[in-house]
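Novice: Following the working numbering, the numbering of the sequence shown begins with 62 at its first residue and continues without gaps. Built from N, CA and C at the ideal position, the CB exists for glycine as well. Below are the structure tokens for one structure; questions will follow.
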Amino acid sequence: MLIGLDLSAAFDTVDHSLLIERLQSQFGVTDIALDWLHSYLCDRTQYVKIGQHQSDTTRLNVGVPQGSVLGPLLFAVYCSPVVDVIAQHGVKYHQYADDTQLQLSMHTDNTGDGLALLAACTADVRLWYLQNGLQLNTEKSEVLVIGTSSQLQVATSNLSSVFVAGVDLPVAEKMKILGVVLDHRLSFDSHATSVARVCNYHLWAIRHIRHLLSTELAQTLACSLILSRLDYCNAVLHGAPAGSIQKLQRVQNTAARVVLI
């Protein structure tokens, strides 16, 4: 079972004092480096402007700049203690910035203990987030059950929802994590279909203006808009069905024809 946890406005509620303390006590950042990060985070201000109207300027005591290089890294530092909470329950996890996934293996004939363990784990995780100024977004959190056809038939027949952080979440057919679509059989056919759809959209746009582009410029567009998507996380496609690979191969062939037309 795979649970994807989502946080509401995660980067906007990071407490600066707690973050500086964890940088120093848990990661050994001191002296000039700590002063530099303190200067980077503190004394920021913001205001809201609509047309000719502008609000008063407010000093920010929380939040890390979004879209910055340091943003995801500082957020990971801030949330690093939560992995200890998860590990206490014996649940495996994967964390990147504000994306956290919990993983637990269980037998189809005894899912009750595993579900109780996940309910207790996610309740403690939710409590830790609340104590640190963060809020789990249960509406965007997801649950995916992964297994063989026979395992899924047994598991999903009596399992339509999972109790996560105090809320019953429906079991989804697929889950998107960091741009990769996982399905309940890990065939990655849904991922290949999603990538091919996006690439074909951009191919249509390039084909529409191809007569205005030089070959070099068309190649640059194809590499940045098409090939970059085909290459992204392509290691997960190792062992995928030939039909899924063919979907991506057709996209690459079409891109070559559009560029060299």
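Short of 7 Å in beta carbon distance, which residues of its chain neighbour Val-241, apart from the five on each side in sequence? Order them along the chain.
Specialist: Counting only Cβ-Cβ distances below 7 Å, and skipping sequence neighbours, we find His-252, Cys-294, Val-297.
Novice: Based on DSSP bridge pairs, tell me the residues matched to Leu-121.
Specialist: DSSP, once it has assigned bridges, lists Arg-105 as partnering Leu-121.
Novice: Quick check on the DSSP output: the beta strand (DSSP E) that includes Gln-156 runs from which residue to which?
Specialist: 153 to 157 is the span of the beta strand (DSSP E), which, as asked, contains Gln-156.
Novice: Tell me the rounded alpha-carbon separation between Trp-97 and Gly-175.
Specialist: Spanning the two alpha carbons is a distance of roughly 45 Å.
Novice: Whole-angstrom Cβ separation of Leu-188 and Leu-179, contact assumed at under 8 Å?
Specialist: Not quite, the Cβ-Cβ distance comes to about 15 Å (not below 8 Å), so this is no contact.
Novice: Taking a contact to mean a Cβ-Cβ separation below 8 Å, would you say Asp-76 touches Gly-173 in this structure?
Specialist: No; because the gap between Cβ atoms is not below 8 Å, this pair is not in contact.
Novice: What does DSSP give as the partner residue(s) for Pro-142 in the beta ladder?
Specialist: In the DSSP output, where bridge partners are listed per residue, Pro-142 has none listed.
Novice: Below 8 Å on the Cβ atoms is my contact criterion, and I expect Val-256 with Leu-309 to pass it. Report the Cβ-Cβ distance as a whole number of Å.
Specialist: Confirmed, Cβ separation roughly 6 Å.
Novice: May I have a chain-ordered list of the beta strand (DSSP E) segments no shorter than 3 residues that lie completely inside the region 177 to 243?
Specialist: Complete beta strand (DSSP E) runs here, min 3: 203 to 205, 222 to 225, 228 to 233, 235 to 238.
Novice: Mind checking which residues open and close the beta strand (DSSP E) that includes Ile-64?
Specialist: Run containing Ile-64: 63 to 66, per the beta strand (DSSP E) assignment.
Novice: What residue from Ile-93, Ser-202, Asp-170, Met-167 has the CA that sits closest to Thr-183's CA?
Specialist: Checked all of Ile-93, Ser-202, Asp-170, Met-167; the closest Cα to Thr-183 is Ser-202.
Novice: For Gln-149, does the three-state DSSP call read helix, strand or coil?
Specialist: Three-state DSSP puts Gln-149 in a helix.
Novice: Give the single residue among Ile-270, Ser-305, Ala-316 whose Cα lies nearest to the Cα of Leu-288.
Specialist: Ranking Ile-270, Ser-305, Ala-316 by Cα distance to Leu-288 puts Ala-316 first.
Novice: Does the region 103 to 118 come into contact with the region 154 to 165, if we say contact requires no fewer than three beta-carbon pairs (one atom in each stretch) closer than 8 Å?
Specialist: Short answer: they don't touch.
Novice: Mind checking whether Ile-270 and Leu-63 have CB atoms under 8 Å apart?
Specialist: No, these two residues do not count as a Cβ contact at 8 Å.
Novice: Compare the Cα-Cα distances from Leu-230 to each of His-299, Asn-261, His-99, Asn-198 and report the closest residue.
Specialist: With distances taken between Cα atoms, Leu-230 lies closest to Asn-198.
Novice: With respect to the beta strand (DSSP E) encompassing Tyr-162, which residues constitute its N-terminal and C-terminal limits?
Specialist: Strictly speaking, residue 162 in this sequence is Gln, with Tyr absent from that position. First-last of the beta strand (DSSP E) with Gln-162: 160 to 164.
Novice: Here's the rule: buried if 16 or more other CB atoms are within 10 angstroms of the residue's CB, otherwise exposed. What is Arg-290?
Specialist: Its Cβ being crowded by 16 or more others within 10 Å, Arg-290 is buried.
Novice: Starting from the C-beta of Ser-221, find all residues in its chain whose C-beta is less than 7 Å away, skip the five residues before and the five after it, and write them out in chain order.
Specialist: Only Pro-231, Val-232 meet the Cβ criterion.
Novice: Measure the Cβ-Cβ separation of Val-319 and Arg-268 and say whether it is below 8 Å.
Specialist: For Val-319 and Arg-268, yes; Cβs fall inside 8 Å.
Novice: Could you tell me how far apart the beta carbons of Leu-102 and Leu-95 are, in whole angstroms, since I believe they sit closer than 8 Å?
Specialist: Not confirmed; about 11 Å, so no contact.
Novice: In or out: Leu-273 buried (at least 16 other Cβ within 10 Å) or exposed?
Specialist: It is exposed - the Cβ of Leu-273 has fewer than 16 other Cβ atoms within 10 Å.
Novice: Starting from Cys-260, trace the alpha helix (DSSP H) in both directions and tell me its first and last residue.
Specialist: 250 to 269 is the span of the alpha helix (DSSP H), which, as asked, contains Cys-260.
Novice: With the cut-off set at 8 Å, would you say His-263 and Leu-278 are in Cβ contact?
Specialist: No. Outside cutoff.
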